[in-house]
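Some notes on the structure that comes next.
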Amino acid sequence: MTTETIRTTETVTHATAKACATAAWDCQTHTFLGSPETVVQHLAGLPDELVGRRVYMLMVEGDTRSEARIFERFNIEDIEGTVAQWPEDDMSGLVTQITEVLAANRGVHCPGEQVKATLESERELSVAAPAPAPRSAAAAFGPVLAGFEGDTFVRATVMVLC
């Protein structure tokens, strides 16, 4: 369940519905392991088109802590979005859980909404107020990894949903 509900009166546009239907058949997972500096370079090298998606996630596991974030724009055309975040004890379990949701969905429903519904039913997500959506992978993921720069080894997984 989220700690804040922001989208009460917005509606999904036709372009967003079409993009989500297409994305349901094009979900992606990218995982990088190593020093925080190496991982942030790999994340910055991801295609900027992925942050043009409506919903994507970043999960980072460091030496002593882990956290996950969902980046979301309500409509594909929106220039603002929200970021939900929460600590996570078992990142490998979370990746497996999300993969199972996507496989069970089999491209039928919006993958972002399916994943979010599953996560919100089991976790308390803290949602930030709307802010300008990141324009690049480096802008989206770099600040998150900065919080792990004192760690010796990290694993970061990006899941591109819809």
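In case it helps, the numbering used here puts the sequence shown at residues 12 to 173.
Here a beta-carbon is modelled for each residue, glycine too, at the ideal position from N, C-alpha and C.
- The C-beta distance from Leu-54 to Ala-139 rounds to 20 Å, too long to fall under 8 Å, and the pair is not in contact.
- When DSSP states are grouped into helix, strand and coil, Ser-46 belongs to the coil group.
- Across the structure, Gly-123 and Arg-65 are spaced so that their CA atoms are roughly 8 Å apart.
- Within the same chain, and ignoring the five residues on either side of Leu-57 in sequence, the residues whose Cβ sits closer than 7 Å to its Cβ are His-41, Ala-148 and Val-169.
- Our two residues, Val-71 and His-25, have alpha carbons roughly 33 Å apart in a direct line.
- Taken through DSSP and simplified to helix, strand or coil, His-41 comes out as strand.
- In the three-state reduction of the DSSP assignment, Ile-81 falls in the strand class, which pools E and B.
- Listed in chain order, the non-local C-beta contacts of Val-62 below 8 Å within the same chain comprise Phe-82, Ala-144, Pro-145, Arg-146, Ser-147, Ala-148, Ala-150 and Ala-151, local neighbours out to five positions each way being set aside.
- Between the alpha carbons of Arg-166 and Arg-76 lies a gap of roughly 11 Å.
- A residue is called buried when at least 16 other Cβ atoms come within 10 angstroms of its Cβ; Lys-29 does not meet this threshold and is exposed.
- Nearest in C-alpha terms to Glu-48, of all of Gly-73, Leu-105 and Thr-110, is Gly-73.
- As DSSP reads the structure, Met-70 sits in a beta bridge with Ala-79 and Thr-168.
- Taking each of Met-102, Asn-86 and Pro-141 in turn and checking the Cα distance to Leu-69, the smallest one comes out for Met-102.
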